[in-house]
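**Q** Before we start, here is the structure in question, set down as structure tokens.
There are 2 protein chains.
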Amino acid sequence: MADIENMEYDSLLIRFKDLLKHNNLKYTKQREVVLKTLYNNHQHFTPENLYLFIKEKYPKLNVGIATIYRTLNLLEESGIATSISFGSAGKKFELANKPHHDHLICKCCGLIVEFENSQIESKQEEIAQKNGFKLTGHMMQLYGICTTCQSSNEASS
Amino acid sequence: MADIENMEYDSLLIRFKDLLKHNNLKYTKQREVVLKTLYNNHQHFTPENLYLFIKEKYPKLNVGIATIYRTLNLLEESGIATSISFGSAGKKFELANKPHHDHLICKCCGLIVEFENSQIESKQEEIAQKNGFKLTGHMMQLYGICTTCQSSNEASS
DNA sequence: CTGGGTGCAAAGTGTTTGCACGTTG
DNA sequence: CAACGTGCAAACACTTTGCACCCAG
Numbered sequence: 004m005a006d007i008e009n010m011e012y013d014s015l016l017i018r019f020k021d022l023l024k025h026n027n028l029k030y031t032k033q034r035e036v037v038l039k040t041l042y043n044n045h046q047h048f049t050p051e052n053l054y055l056f057i058k059e060k061y062p063k064l065n066v067g068i069a070t071i072y073r074t075l076n077l078l079e080e081s082g083i084a085t086s087i088s089f090g091s092a093g094k095k096f097e098l099a100n101k102p103h104h105d106h107l108i109c110k111c112c113g114l115i116v117e118f119e120n121s122q123i124e125s126k127q128e129e130i131a132q133k134n135g136f137k138l139t140g141h142m143m144q145l146y147g148i149c150t151t152c153q154s155s156n157e158a159s160s
Numbered sequence: 004m005a006d007i008e009n010m011e012y013d014s015l016l017i018r019f020k021d022l023l024k025h026n027n028l029k030y031t032k033q034r035e036v037v038l039k040t041l042y043n044n045h046q047h048f049t050p051e052n053l054y055l056f057i058k059e060k061y062p063k064l065n066v067g068i069a070t071i072y073r074t075l076n077l078l079e080e081s082g083i084a085t086s087i088s089f090g091s092a093g094k095k096f097e098l099a100n101k102p103h104h105d106h107l108i109c110k111c112c113g114l115i116v117e118f119e120n121s122q123i124e125s126k127q128e129e130i131a132q133k134n135g136f137k138l139t140g141h142m143m144q145l146y147g148i149c150t151t152c153q154s155s156n157e158a159s160s
């Protein structure tokens, strides 16, 4: 936890509190903990993961899973968090404080690698324009087998 | 329904029947109707849409929604159909007889436009390699507002 | 002290499964 | 006539909602 990171967190927190104030919402312990957990653990949480994680780390708080869902939805709607969806397998959330990026997902072990490619982004913009769309967002996920799984699966098949 | 299309359908059907035979599965009226419906209606069906559509068009058949799900899963697993998923909003299926393509989706009216871009595809391959992944597939969806919705929404906001 | 927030449990989704019966090969 | 497929309803997993109490502002 470098100071720089804490600074980042502070500004994130301010942004969150502002958002709450502007919508007559309240800054609660639960909301704080969800934000902090997402921030401190640079990973992709399912609602359930996050719930279990928080339940273990803050037993006193006695959070309910409903609150996790409510908070994640709030964070996503206000652009503080984003989610990637895995078909019927659910959704995973992460903070949206990093620059835009997409995901490379291992079908075998679930490893998620983030990447960014501006050339693809501009192509996408081009495609949207060509079809008369005003682009508002996109979702791109590449599926494959990561290095580790490739080697451990050589024996089989 | 041009003759060419019927020829296409015939070969699709043969492929499907082969698949069934190879797996000791049976060619039933229900499976036939699902395949035919997907073929004749070049659109993206949710399981429920497809169920209602078939129920209306073939009332005699008295299909159950479970069969629709079972058949769609079968078709997808065997590569005859593909699906695009909309997060918690479910999945839509289409036949996989056209060349690979991705989707441009209107967030407003749900319009889906298909497109193909080989430059993006090769970039994706490149990204996967750079990260040590063996690419097996991808999903790319662009979200935006289509021409129609852009003009009809000018009044509001 | 007022209005939004929370936990809980119940209700909703969309999808899958167990079962007895029907159909295919 | 054996084995798979089907419709139905129940079961499921994930998410949302109603409610009584709680807490932030």
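In the order they appear, the protein sequences are chains B and R.
Numbering of the first sequence is given in this note's numbering, commencing with residue 4 and proceeding in unit increments.
Numbering of the second sequence is given in this note's numbering, commencing with residue 4 and proceeding in unit increments.
Every residue, glycine too, gets a C-beta built ideally from N, C-alpha and C.
Applying the 10 Å Cβ sphere with the 16-neighbour rule, what's the burial state of S160/R?
**A** Indexing the second sequence from 1 puts residue 160/R at position 157. With a pLDDT of 39 at S160/R, under the threshold of 50, the modelled position of that residue is not reliable, and the figure given next carries that caveat. That one is exposed.
**Q** Please determine, among S81/R, V36/R and I87/R, the residue with the shortest C-alpha to C-alpha distance to I71/R.
**A** In the second sequence, the residue the question calls residue 71/R occupies position 68. Nearest of S81/R, V36/R and I87/R to I71/R, Cα basis: V36/R.
**Q** In angstroms with no decimal places, state the Cα-to-Cα distance between S88/R and Y30/R.
**A** For the purposes of this step, residue 88/R is taken as residue 85 along the second sequence, with counting starting at 1. For the purposes of this step, residue 30/R is taken as residue 27 along the second sequence, with counting starting at 1. Roughly 28 Å separates the two Cα atoms.
**Q** Run down chain R in chain order and give the residues with a C-beta less than 7 Å from the C-beta of Y146/B.
**A** Stepping through the first sequence from its first residue, residue 146/B is reached at position 143. The contacting residues are T139, G140 and H141.
**Q** Looking only at DSSP bridge pairs, what is A84/R linked to?
**A** The residue you call residue 84/R lines up with position 81 of the second sequence. Answer is L98/R.
**Q** Determine which residues of the segment 103–124 of chain R have a Cβ less than 8 Å from any Cβ of chain B, and write them out in chain order.
**A** From the segment 103–124 of chain R, only L107, C109, K110, V116, F118, N120, Q122 and I123 have a Cβ closer than 8 Å to chain B.
**Q** Which of the three DSSP states, helix, strand or coil, is assigned to C149/R?
**A** If you number the second sequence from 1, residue 149/R lands on position 146. Three-state result, C149/R: coil.
**Q** How long is the line joining the alpha carbons of A96/R and M143/R, rounded to whole angstroms?
**A** Within the second sequence, the letter at position 93 stands for residue 96/R. Within the second sequence, the letter at position 140 stands for residue 143/R. According to the sequence displayed, residue 96/R carries Phe and not Ala. Taking the straight line from one Cα to the other gives about 15 Å.
**Q** Which residue from G140/B, L23/B, Q153/B and Y146/B puts its Cα closest to that of L77/B?
**A** Locating residue 77/B in the first sequence gives position 74, counting from the first residue. Minimum Cα distance to L77/B is reached at L23/B.
**Q** Mind pulling the chain B residues with CB within less than 8 Å of F136/R?
**A** Position 133 of the second sequence, counted from the first residue, corresponds to residue 136/R. What F136/R touches in chain B: L107, C109, V116, L145, G147, I148, C149 and T150.
**Q** Between which two residues does the alpha helix (DSSP H) containing V37/R stretch?
**A** As a first step, residue 37/R must be located in the second sequence, where it is residue number 34. From DSSP, the alpha helix (DSSP H) with V37/R extends over K32 to N43.
**Q** Count the other C-beta atoms from every protein chain shown that fall within 10 angstroms of the C-beta of A69/B, then say buried if there are 16 or more, exposed otherwise.
**A** As a position in the first sequence, residue 69/B is number 66, starting the count at 1. By the neighbour-count rule (16 or more Cβ atoms within 10 Å), A69/B is not buried but exposed.
**Q** Who are C112/B's beta bridge partners in DSSP?
**A** As a first step, residue 112/B must be located in the first sequence, where it is residue number 109. Paired residue(s): none; C112/B is not in a bridge.
**Q** Nearest-angstrom Cα distance between C112/R and T151/B?
**A** Taking the first residue of the second sequence as position 1, residue 112/R is located at position 109. Taking the first residue of the first sequence as position 1, residue 151/B is located at position 148. Cα to Cα, C112/R sits roughly 43 Å from T151/B.
**Q** Can you pull the chain B neighbours of K126/R, defined as C-beta to C-beta under 7 Å?
**A** Looking up residue 126/R in the second sequence gives position 123. Under the 7 Å cutoff, chain B gives N120, Q122 and I123.
**Q** Interface residues of chain B around Q3/R at Cβ under 9 Å?
**A** The question about residue 3/R has no answer, for chain R in this structure spans 4 to 160.
**Q** What residues from chain R crowd round I130/B, counting only those whose CB sits closer than 8 Å?
**A** As a working note, residue 130/B is residue 127 in the first sequence. Ordered by position in chain R, the residues that pass the 8 Å Cβ test against I130/B are L107, F118, N120 and L145.
**Q** Going straight from the alpha carbon of K94/B to that of A84/B, what length do you get?
**A** The sequence position of residue 94/B within the first sequence is 91, counting from 1. The sequence position of residue 84/B within the first sequence is 81, counting from 1. If you take the alpha carbons of K94/B and A84/B, they lie about 12 Å apart.
**Q** Which residues in the same chain as Y12/B place their Cβ atom closer than 7 Å to its Cβ, once the five residues preceding and following it in sequence are excluded?
**A** What you label residue 12/B is simply residue 9 of the first sequence in a count that begins at 1. Excluding sequence neighbours, Y12/B sits near Y42.
**Q** For S125/R, does the count of other Cβ atoms within 10 angstroms reach 16, so buried, or fall short, so exposed?
**A** Here residue 125/R refers to the residue found at position 122 when the second sequence is read from its first residue. S125/R is exposed by the Cβ-count criterion.
**Q** How would you write the range of the alpha helix (DSSP H) that F56/B sits in, first residue to last?
**A** Taking the first sequence and counting its residues from 1, the one referred to as residue 56/B is at position 53. Looking at the DSSP string, the run of the alpha helix (DSSP H) that includes F56/B is P50 to K60.
**Q** At what residues does the alpha helix (DSSP H) containing Q46/R begin and finish?
**A** For the purposes of this step, residue 46/R is taken as residue 43 along the second sequence, with counting starting at 1. Segment: none, Q46/R is in no alpha helix (DSSP H) and carries neither H nor E.
**Q** Can you check which of these residues, H47/R, Q33/R, R18/R and L145/R, is closest to L64/R by C-alpha distance?
**A** Counting from one through the second sequence, the residue named residue 64/R turns up at place 61. With distances taken between Cα atoms, L64/R lies closest to Q33/R.
**Q** Alpha helix (DSSP H) containing E129/B: first to last residue?
**A** Working through the first sequence from its first residue, we reach residue 129/B at position 126. Here the alpha helix (DSSP H) through E129/B covers S121 to K133.
**Q** Express the C-alpha separation of S154/R and T40/B in angstroms, rounding to a whole number.
**A** For the purposes of this step, residue 40/B is taken as residue 37 along the first sequence, with counting starting at 1. For the purposes of this step, residue 154/R is taken as residue 151 along the second sequence, with counting starting at 1. Taking the straight line from one Cα to the other gives about 42 Å.
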